[in-house]
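Residue numbers (our numbering), protein chains in the order written: chain U, 1 to 624; chain Y, 1001 to 1467.
Structure, as structure tokens:
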């Protein structure tokens, strides 16, 4: 093929959503000459669905992205208009920071961060084709005919691949409302042999806040003071707002039931699979028929934007039915619809095509991140984008892949789930997906990941310095807590009841007792009084969990030993004895990277694992 | 496929805990072994398993493979075409075979020369002798059975008494597997609610979730507790109930053991203090397996060696499930203090030498009925056997549920019980979830859902060739 390139870049990122922004910034931070190509630069960092970042497990993802010097945490800190820790009544490992965003502020913050990133060029354009030579990505072709040579590309096209919007009986091709879908790239991926599937997601109508009767609604304020996402943010400066809470009722449900035949999911117009975790209101009414009401949060989309996002009533019913349905809801009787809700169907690539660096096995240098891999959610997309961006830059530089495992991060859990199990519905993160949930917390994301990021080269100087300072303070405080000890009798004198067993306990051990916190300990040992802020918070959590953490860490060591039993990428499963055809097929599809990854594939029996292990051990050079 | 699952905890099942031990061998080669007992016999059964089993059978018989699972008469020939033997051949193509692989069986005459010739021929065809337990291991590897069933195969082969055979058969039928799996399902079910309460907190979960979970968890903990409090019935049935014969020197303990065994197992002599060590005899008492140990006589020892024997006897008395306290009916007094001190609720009391006893035999010792016997004449022995049988049965007979039969079952069940007891519905919910996760993993280890490698090593270590 004649290589008449118009432009050259180390890494090209296709798409400017949450995955694309993180991927481009990460690649550039790594020192790669990076180009981000997106249809319209104005929509960089657009929140296509709900105007919020974080939540249960998702909040942890954002903290992890931030710990690796990603953008999302800093952007939401600049744009958040209501911060709330979810699950506050539960323990720290399962709490999730969440914030609602002013969409315009978020876009602006994201754009500012991208513009400030050295080595990153933003380019408006539509990628139509991929140029592959000898199984390796050589470059891309834009719709206007320009050809860009690159060492690696990250495709983050979200819902744009053959996107098809459904609103009642109407449907039209689009990437999201107001944006054209992408056909060329989808065709190119298909031509390269990538198995494509179809998924569906949806969004509710947007309402004019000036027409909502706020007076009758219960209002919910955020946390005061708001807790920032980013380890770099000291405090939130954006004005904070409340949102309204209302509920559907039997009349709402009656309207929905009467019009179900016009809902694309029920009329058969949509056959692809939607997320069970974020069901449309028609799904909720059908599946939870015994519930007489469903909660709706009315979330302002911006400080000086009257648009309100009714969280909880995602729908693809016809526009006039949406109006009729919403009018039955208290507070929304006269609400004007600015834009009806809709469902969108789009292509995704079976993520089992990827390795743990998010590079495709089929085409070297081609990375995929975000919804194209079958996930849903900004945070899931951002985490993948970050990882793919780092790895695209490392691949171009000839460095080994940067991989996170299930004990490192939720990002590691997600990527491992995706590339070994694939997904049949939009994949969303949950804390229950993490085996080592007590370790993968929001408070210690920096301790878990920033050192790795520093070693990989994706963490900048400012964050590095801040992290080192915090880590040193933590270490010193831990040391002090371990050194201060008291006998049960001495503790009793201070009003602390422990077993009068004569065993001397350290201040650190005492933190594991219910009702004993740093403040209480500082009453005994005044020198503990100056431990405060993040350090105190993290110590309190670790101290409280210490027994469980020790057990979990033992499990992590066992898991990592197993993980070290690598399965060669070129393993021919046909030559492994004692495997059923079904198991063989599953393994060949997933190509697990390790014995542990193989174990996570449904239907793979311990027996099959033993056979795999035996086979691998027999291979020369694998005398593990 | 399991993609429909809502929560990732289901993956916990699969999360292994491998300790990096080396599997004995790969599974692509073809193995053979004499599956029946060694030595001269009317029939000897050879079993072949692996991809080479079919070609080997065809080469041996010089004809096409027989119809699956049908015995056919065949002349087996060696490499030079000479007939080795005339016997039966069976062909079990994968996966419908014991191991899940291609299996061939040869039923031949049980001579040594035949065995040698068959082995030579199979080695020549590229097969290799099986290692201990390798057939069962392959069956587990191929998902033909879980670990408890595989263990039961070994137990069945080892079974010496009817009760052992019944227990092994029941376990082989999946009795224990389904009991453990039932427990695990309760844990998984409880965990589902807890995980839902964590991850879907804002989606209107019913408030009383934890109450229901808590009740189920306590009930399960109590059930596992009860299963653990069975006095190691299943393991004791596997190993045999231990009975120690105790008594003064020359009370006739060894003679009594010989009477019970019906053979000369211990050195019997009239000189006091002959038995200086502990001698064991395995007996089948009405279908119950027992291990009877003869011990040194209890007295203020004369020599150093005898003192050591007495020390061992006392240790044996401590460890025994049942004590047979023997008093000398011909001695004065009949009841010696050292032996009487050992009589408790786990003791069966006999007064020996009833034939020459000069009277004065008590009806009870320490509240236990005393049986008058004579090891020499055999008088009263039937009554003693009946009494022992009764005591043994009361210790080995259990309720309806299939018992834990191995130490590793017990260890895992205890780990599960500990995690369930730690489960605190009023405490932090994520820690409650953690306890349930641990409980589920512990149970998974019993049936072999996880920890594959290490387990396989442990489980198959004690197997004998050909099973």
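Here a beta-carbon is modelled for each residue, glycine too, at the ideal position from N, C-alpha and C.
Owing to the predicted nature of the structure, the values given are computational and were not obtained by experimental measurement.
Let me see if you follow: with CB-CB separation under 9 Å, is residue i close to chain Y or not?
i, result
"residue 430(U)", "yes"
"residue 94(U)", "yes"
"residue 548(U)", "yes"
"residue 90(U)", "yes"
"residue 608(U)", "yes"
"residue 545(U)", "yes"
"residue 580(U)", "yes"
"residue 611(U)", "yes"
"residue 11(U)", "no"
"residue 379(U)", "no"
"residue 4(U)", "no"
"residue 87(U)", "yes"
"residue 438(U)", "yes"
Shorter than 9 Å from the beta carbon of residue i to some beta carbon of chain U?
i, result
"residue 1470(Y)", "Outside the displayed span of chain Y (1001 to 1467) sits residue 1470(Y), for which this structure offers no information."
"residue 1385(Y)", "no"
"residue 1429(Y)", "yes"
"residue 1311(Y)", "no"
"residue 1269(Y)", "At residue 1269(Y), the pLDDT of 46 sits below 50, so the modelled position is not reliable; the number obtained from the coordinates is stated separately. It does not: the Cβ of residue 1269(Y) has no partner Cβ on chain U nearer than 9 Å."
"residue 1131(Y)", "no"
"residue 1438(Y)", "yes"
"residue 1397(Y)", "no"
"residue 1434(Y)", "yes"
"residue 1095(Y)", "yes"
So, using beta-carbon positions, are residue i and residue j closer together than 9 Å?
i, j, result
"residue 1446(Y)", "residue 1401(Y)", "no"
"residue 53(U)", "residue 107(U)", "no"
"residue 1355(Y)", "residue 1379(Y)", "yes"
"residue 384(U)", "residue 415(U)", "yes"
"residue 1054(Y)", "residue 1102(Y)", "yes"
"residue 101(U)", "residue 71(U)", "no"
"residue 637(U)", "residue 103(U)", "No information on residue 637(U) is available, as it lies outside the stretch 1 to 624 that chain U covers here."
"residue 73(U)", "residue 247(U)", "no"
"residue 389(U)", "residue 27(U)", "yes"
"residue 1298(Y)", "residue 1336(Y)", "yes"
"residue 1128(Y)", "residue 1032(Y)", "yes"
"residue 171(U)", "residue 186(U)", "no"
In terms of residues, what are the limits of the alpha helix (DSSP H) holding residue i?
i, result
"residue 586(U)", "581-590"
"residue 395(U)", "378-397"
Consult DSSP for residue i and reduce its assignment to one of helix, strand or coil.
i, result
"residue 1289(Y)", "strand"
"residue 1183(Y)", "helix"
"residue 200(U)", "strand"
"residue 1294(Y)", "strand"
"residue 373(U)", "helix"
"residue 634(U)", "Coverage of chain U is limited to positions 1 through 624, which leaves residue 634(U) absent and any answer about it impossible."
"residue 5(U)", "coil"
"residue 467(U)", "helix"
"residue 261(U)", "helix"
Output the boundary residues of the beta strand (DSSP E) element that contains residue i.
i, result
"residue 1243(Y)", "1241-1247"
"residue 172(U)", "170-173"
"residue 1136(Y)", "No beta strand (DSSP E) contains residue 1136(Y), which is instead part of the alpha helix (DSSP H) from 1134-1141."
"residue 1326(Y)", "1322-1328"
"residue 458(U)", "No beta strand (DSSP E) holds residue 458(U); DSSP gives it neither H nor E."
"residue 166(U)", "164-167"
"residue 339(U)", "337-339"
Please check if any C-beta of chain C sits within less than 9 Å of the C-beta of residue i.
i, result
"residue 218(U)", "Of the chains in the structure shown, none is chain C; the protein chains are U and Y."
Given the structure, does residue i come close to the ligand PLP, in the sense that its CB is under 8 Å from one of the ligand's heavy atoms?
i, result
"residue 18(U)", "For the structure depicted, the ligand PLP is absent and the ligand set is empty, with no information on it obtainable."
> What residues in the stretch 49-74 of chain U bring their beta carbon closer than 8 Å to a beta carbon of chain Y?
Replying inline: 56, 57
> Going along the chain, which residues of the stretch 1138-1151 of chain Y sit with their C-beta nearer than 8 Å to a C-beta in chain U?
Replying inline: 1138, 1140, 1141, 1142, 1143
> Mind listing which residues of the stretch 173-186 of chain U have their C-beta closer than 9 Å to chain Y's C-betas, in chain order?
Replying inline: none
> Of the residues that make up the stretch 388-416 of chain U, which ones have a beta carbon closer than 7 Å to any beta carbon in chain Y?
Replying inline: Near chain Y, meaning a CB-to-CB distance below 7 Å, no residue of the stretch 388-416 of chain U qualifies.
> Which residues, in chain order, does the stretch 550-570 of chain U contribute to contact with chain Y at a C-beta distance below 9 Å?
Replying inline: Residues of the stretch 550-570 of chain U with a C-beta atom less than 9 Å from some C-beta of chain Y are 551, 552, 555, 558, 559, 561, 562, 564, 565, listed in chain order.
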